[in-house]
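Notes for the one structure printed next.
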């Protein structure tokens, strides 16, 4: 049962991390003017933020699935 709680905790942390990254991305997107061109620096930052969103969502999904499987296997 401890492993189930561990995987659930890691899953929640990953999902919250992804949410924080999405909020950071949307905040930066609002700060850019419509006529402003996207520089290479901004493109790299956005690419890095979106990369972390994908990594955290995938990790959260994997840990959620593992917790669900363990919960059914244990009891």
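In the UniProt record's numbering, the protein residues as written are 1 to 75. C-beta: ideal position from N, C-alpha, C; glycine also.
First through last residue of the alpha helix (DSSP H) which encompasses residue i
{"i": "residue 40", "result": "40-74"}
{"i": "residue 5", "result": "2-30"}
8 Å contact criterion, which residue i and residue j should meet: CB distance rounded
{"i": "residue 50", "j": "residue 18", "result": "Wrong, their Cβ atoms sit about 11 Å apart, outside the cutoff."}
{"i": "residue 70", "j": "residue 12", "result": "15 Å between Cβ atoms; not a contact."}
{"i": "residue 74", "j": "residue 1", "result": "6 Å"}
Residue i classed as buried or exposed, judged by whether at least 16 other C-beta atoms fall within 10 angstroms
{"i": "residue 26", "result": "exposed"}
{"i": "residue 67", "result": "buried"}
Beta-carbon proximity check, residue i vs residue j, cutoff 8 Å
{"i": "residue 53", "j": "residue 22", "result": "yes"}
{"i": "residue 65", "j": "residue 15", "result": "no"}
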